[in-house]
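> Take this structure first; my questions come after.
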Amino acid sequence: MKILVPLKRVADPDNANKIKISPNKIDSSGLEPKPNPFDEYAVETALRLTENAATPKQRLGEVIVVTFGPKDTEQTLRAALATGADRAYRVDATDDQLDGDLVARGLKGLVDKEQPDLVLLGKQEVEGDANQVGQLLAEYLGWPQATFAGSIKSEGDKALVVGREVDGGSMVVKVTLPAVVTVDLRIVSPHAVQSMHTKAEHAYQDGVRFAALMAIMAAKKKPLVELKLSDLTSDTSLKIQYTSFEPPAGRKAGVKLKSVAELVQKLRTEAKVIS
Amino acid sequence: MSRILVVAELADGHIRKSTLSAITFAKQVGGPFSVLVLGPGAKTAASEVAAFGAQSVLASDDSAFEHPLAECYGPTVAAVANTGFDVIVVTASSFGKDLAPRVAAKLGAGYAPDISAVKVDGASLSFKRPMYAGNAYGWCKITTPVQVVSVRQSEFAAGEPSGGSSPIENVAAAPLSAAAPRVEFMRLEAAKSERPDLGEARVVVSGGRALKEKFAEVLEPLATLLSAAIGASRAACDAGYAPPELQVGQTGRVVAPQLYVAIGISGAIQHLAGMKGSKVIVAINKDPDAPIFQVADYGLVADLFTAVPELVTELKKS
Numbered sequence: 116m117k118i119l120v121p122l123k124r125v126a127d128p129d130n131a132n133k134i135k136i137s138p139n140k141i142d143s144s145g146l147e148p149k150p151n152p153f154d155e156y157a158v159e160t161a162l163r164l165t166e167n168a169a170t171p172k173q174r175l176g177e178v179i180v181v182t183f184g185p186k187d188t189e190q191t192l193r194a195a196l197a198t199g200a201d202r203a204y205r206v207d208a209t210d211d212q213l214d215g216d217l218v219a220r221g222l223k224g225l226v227d228k229e230q231p232d233l234v235l236l237g238k239q240e241v242e243g244d245a246n247q248v249g250q251l252l253a254e255y256l257g258w259p260q261a262t263f264a265g266s267i268k269s270e271g272d273k274a275l276v277v278g279r280e281v282d283g284g285s286m287v288v289k290v291t292l293p294a295v296v297t298v299d300l301r302i303v304s305p306h307a308v309q310s311m312h313t314k315a316e317h318a319y320q321d322g323v324r325f326a327a328l329m330a331i332m333a334a335k336k337k338p339l340v341e342l343k344l345s346d347l348t349s350d351t352s353l354k355i356q357y358t359s360f361e362p363p364a365g366r367k368a369g370v371k372l373k374s375v376a377e378l379v380q381k382l383r384t385e386a387k388v389i390s
Numbered sequence: 074m075s076r077i078l079v080v081a082e083l084a085d086g087h088i089r090k091s092t093l094s095a096i097t098f099a100k101q102v103g104g105p106f107s108v109l110v111l112g113p114g115a116k117t118a119a120s121e122v123a124a125f126g127a128q129s130v131l132a133s134d135d136s137a138f139e140h141p142l143a144e145c146y147g148p149t150v151a152a153v154a155n156t157g158f159d160v161i162v163v164t165a166s167s168f169g170k171d172l173a174p175r176v177a178a179k180l181g182a183g184y185a186p187d188i189s190a191v192k193v194d195g196a197s198l199s200f201k202r203p204m205y206a207g208n209a210y211g212w213c214k215i216t217t218p219v220q221v222v223s224v225r226q227s228e229f230a231a232g233e234p235s236g237g238s239s240p241i242e243n244v245a246a247a248p249l250s251a252a253a254p255r256v257e258f259m260r261l262e263a264a265k266s267e268r269p270d271l272g273e274a275r276v277v278v279s280g281g282r283a284l285k286e287k288f289a290e291v292l293e294p295l296a297t298l299l300s301a302a303i304g305a306s307r308a309a310c311d312a313g314y315a316p317p318e319l320q321v322g323q324t325g326r327v328v329a330p331q332l333y334v335a336i337g338i339s340g341a342i343q344h345l346a347g348m349k350g351s352k353v354i355v356a357i358n359k360d361p362d363a364p365i366f367q368v369a370d371y372g373l374v375a376d377l378f379t380a381v382p383e384l385v386t387e388l389k390k391s
C-alpha cells in the first residue's frame, strides 16, 4: 500500500495559552515548533499499515510525507522520515499564503502525480482547529472519506474497515481504496490499527514511535523534493481571509471553598444553578 | 440579501436539537431561509421545524440517505444549494464537520468551520472562530459568492419556534456520486444512555483520570441526581475509564452548560477549550495548584473519593 501523509508544523499546543494576540496577527514565535499531534498519529498509523510489527524496519509499502511550509519545516519532514517514512515533499509556502482549501487543492495535485492508495492525515490542525482538509480533498478527488478514525483494519489492502468517532459513539464504515482517512486521538492505542501484515493479537506500544539515533542520521539521506504551489495547482487564490484577531474573554478564578456543604450552599443561593 | 439553506440533522427519525443552533444563525443573518431535512423519516420530521419561520422545509427520505454519510448527502445538499442559496449552514456536530467541507468543495465555495459568532454588515458577513484551542479568536470573511458555514452549538442558543407553518416540499435526491458506492455503513456502536446529550445538557459532570476504575461508580449517582450528562477528560478516555464519545475538549465535544462540575480533572489547555464557556464551573481536585482552579467559579481542594459521595448526600438534603 502506498500512503501519502500530509503534515503541518504548529506552535507547541501545550503552551497555546502563551501566544501573543494583536488585532492584526497572532504571534506564536516564542513557542517551540512541533508537528501537529494528529498528523504525527497519521504517520504512526501509516507505518503500522505498511509493516509487519515483528520486523518494523522493513517497509511493506511506501509512506510519503508532505508539508506546505517554509524551508525550516523540513525538520518536521526529517523527523517523520526518521521514524520510518520513505520520502518527502515540501511545498514552499508560508501560512499567510495558504488556507485549508488551497492546501486541499495542492494535495490533489500531488495525489494526481503520486497516485497513492490512501491519504492519511490528522482530523484537524491544532492552530486553526478547522477540521476540513481531508474532507475537502476527498471531494476534490471524488474519493470516499472516513473521518475521525479511532480504529482501522485493513482488508487485504483493498479496503479499510474504519471505526469513526462520532458524537453518539463509534460508526463503523468500510471504504474501498483509494480513500482519504482522517485520524482521531485513539488511533495510536495498542490495537487500533490492524494491517494485513501484522498478527491481529499484536499490541503496539501506546502512542507514536521514537526514532533511533541511527535512523535520524539515515533520514538525512532520504529523498526530500521541494515543489512550488504552482507546480500542484494553477489556482492559488484564497477562499478565506482573516481580518482581525482577539483574545478570548477572560475568565477569573473564583473562590476556593472549605467544605462540600459550603459548595452546595453557594450553588443554591449564589449561583442559583441547582434547586 | 442572503438566502440561507440550513441543513438539518436527524437522529432516530427526529430533528436533532443541534439543528436549532443553525436556525438561530440563519435568523441572526436575517433574510429568507429554508431547512433541508434528509434521512429516514425526513418527511414526518420536517414538521418539527415547520414553526421556526422558514420560507420552506425541504425533505427527502430517499434510500440514499439511509445512513449519515457525507458521500451520500453531499451531492443533494449541493444540488439544493444551487437552486439560489448563498449561505449553507450546518451545526458543527460530527455530522456537520464531516459533511460541510465536502459540500463546500463541490460548490467551489469557501468554508468557515465551527464559528462562534456572525456579524452582518450590509451584504457582507464576518465570522468569528475559535483557534488555538480557544486561546484566540479570528474574524474571517469568505471570498467566494457562495459561503458554507458550520456553527458551534454551544455558541448559538437553540431557537424557539416563532409560530406559523412553513410549507413542506419534497426534494429529489441528486444522482449518486462516484464516491458513494465505495463507502459502506456497517454499524453504529453506541452505548444506550438515558442521560441527556453532552451538547445539550443543562448540567455536565465530568471526570478525569484520577477516578480510575471507579469512574462510573463515583460519577453516576451525582449525574443522576443533577439530571446531568457525563463527560470526561482525554486522559480518562485514553486510559479506558470512559468511552471516547464522552471526551470534552478541543478535539472532543465542546460544551457550555449552566453548570459544569470537573472532578479529578487537572485542566489541560485542550480540556479547557471544551468547557470554558460554561456558565458556572465547579472544580474538585486534591491538587490546589491544578490549572482547573484558574477557571473555576467554585473550587474545592479535596479527595474526590470522599467529597463526591458527600456532595451527593448534601444535595439530597433539601
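Just so you know, the sequences run in chain order P and F.
Position in the first sequence counted from 1, then plus 115, gives you our numbering.
Position in the second sequence counted from 1, then plus 73, gives you our numbering.
Note that beta-carbon positions come from the ideal geometry of N, C-alpha and C, so glycine has one too.
#1: Starting from residue 368 (chain P), find everything on chain F with Cβ-Cβ shorter than 9 Å and list it in chain order.
#2: Which residues bound the beta strand (DSSP E) around residue 129 (chain F)?
#3: Output needed in chain order: residues of the region 194-222 of chain F with a Cβ under 7 Å from some Cβ in chain P.
#4: Based on Cα-Cα distance, which residue from F:208, F:214, F:192 lies nearest to residue 182 (chain F)?
#5: Which residue comes first and which comes last in the beta strand (DSSP E) that contains residue 124 (chain P)?
#6: Below 7 Å CB to CB, which residues in the same chain sit around residue 380 (chain F) once its five sequence neighbours on both sides are set aside?
#7: To test your reading of the DSSP string, which unbroken alpha helix (DSSP H) runs of 4 or more residues are found completely within the region 282-350 of chain P?
#8: Determine the chain P residues that contact residue 259 (chain F) at a beta-carbon separation under 8 Å, and present them in chain order.
#9: So residue 132 (chain P) contacts chain F; which residues on that side make the cut at Cβ distance below 7 Å?
#10: Would you mind reading off the limits of the beta strand (DSSP E) that contains residue 305 (chain F)?
#11: Among F:329, F:216, F:226, which has the Cα closest to the Cα of residue 82 (chain F)?
#12: Using only the alpha-carbon positions, how far apart do residue 246 (chain P) and residue 390 (chain F) sit?
#13: Tell me where the alpha helix (DSSP H) around residue 215 (chain P) begins and ends.
#14: Quick one, are the C-beta atoms of residue 238 (chain F) and residue 124 (chain F) less than 8 Å apart?
#15: Let me see if you follow: with CB-CB separation under 8 Å, is residue 141 (chain P) close to chain F or not?
#16: Excluding sequence positions up to five away, which residues of its chain have a Cβ less than 8 Å from the Cβ of residue 298 (chain F)?
#17: Run through the DSSP bridge pairs and tell me what residue 261 (chain P) is partnered with.
#18: Going along chain P, which residues have a C-beta under 7 Å from residue 183 (chain F)?
#19: Answer with buried or exposed for residue 346 (chain F), where buried requires no fewer than 16 other C-beta atoms within 10 angstroms of its C-beta.
#20: Can you pull the chain F neighbours of residue 280 (chain P), defined as C-beta to C-beta under 8 Å?
#21: At 8 Å on the CB atoms, spell out the chain F contacts of residue 166 (chain P), in chain order.
#22: Does the region 121-137 of chain P touch the region 225-243 of chain P, meaning 3 or more C-beta pairs lie closer than 8 Å?
#23: What are the residues in the region 266-291 of chain F lying within 9 Å of chain P by C-beta distance?
#24: How long is the line joining the alpha carbons of residue 178 (chain P) and residue 160 (chain P), rounded to whole angstroms?
#25: Output the residue ranges of the alpha helix (DSSP H) runs that lie fully inside the region 94-172 of chain F and measure 4 residues or longer, sorted by chain position.
#26: Residue 306 (chain F) touches chain P at which residues, Cβ-Cβ below 8 Å?
Straight from the coordinates:
#1: Close to residue 368 (chain P), with beta-carbon spacing below 9 Å, are these residues of chain F in chain order: 366, 367, 368, 369, 370, 372.
#2: Here the beta strand (DSSP E) through residue 129 (chain F) covers 129-133.
#3: Correct list: 199, 203, 204, 205, 206, 207, 208, 209, 210, 211, 212, 213, 214, 215, 216, 217.
#4: Comparing Cα-Cα distances from residue 182 (chain F) to each of F:208, F:214, F:192, the minimum goes to F:214.
#5: It spans 124-126 - the beta strand (DSSP E) in which residue 124 (chain P) sits, taken as one unbroken run.
#6: Excluding positions up to five away in sequence, the list reads 357, 373.
#7: Runs of the alpha helix (DSSP H) inside the region 282-350 of chain P: 328-334, 344-347.
#8: Per Cβ cutoff of 8 Å: 276, 287, 288, 289.
#9: Going along chain F in sequence order, the residues near residue 132 (chain P) (Cβ under 7 Å) are 208, 342.
#10: In the DSSP annotation of this structure, the continuous segment of the beta strand (DSSP E) that includes residue 305 (chain F) starts and ends at 302-305.
#11: The shortest Cα separation from residue 82 (chain F) among F:329, F:216, F:226 belongs to F:226.
#12: Taking C-alpha positions only, residue 246 (chain P) is separated from residue 390 (chain F) by approximately 46 Å.
#13: Residue 215 (chain P) -> alpha helix (DSSP H) spans 215-229.
#14: Contact flag set, yes.
#15: So yes, residue 141 (chain P) belongs to the interface.
#16: The beta carbon of residue 298 (chain F) sits closer than 8 Å to the beta carbons of 385, 388, 389 from its chain, once the five residues preceding and following it are set aside; these are given in chain order.
#17: Residue pairing for residue 261 (chain P): DSSP places it in a beta bridge opposite P:296.
#18: Per Cβ cutoff of 7 Å: 216, 354, 355.
#19: Note on residue 346 (chain F): 16 or more other CB atoms within 10 angstroms of its CB, so buried under the neighbour-count rule.
#20: Simply 167, 317, 318.
#21: None at all; the shortest Cβ gap to chain F is about 24 Å.
#22: The answer is yes - the region 121-137 of chain P touches the region 225-243 of chain P, with three or more Cβ pairs under 8 Å.
#23: Against chain P - using a Cβ distance shorter than 9 Å - the residues of the region 266-291 of chain F are 270, 271, 272, 275, 276.
#24: Linking residue 178 (chain P) to residue 160 (chain P) through their CA atoms gives a straight-line distance of about 10 Å.
#25: Every alpha helix (DSSP H) of 4 residues or more that sits fully in the region 94-172 of chain F is shown, in chain order, as 115-118, 143-154.
#26: One finds nothing in chain P with a Cβ atom closer than 8 Å to the Cβ of residue 306 (chain F); even the nearest lies about 12 Å away.
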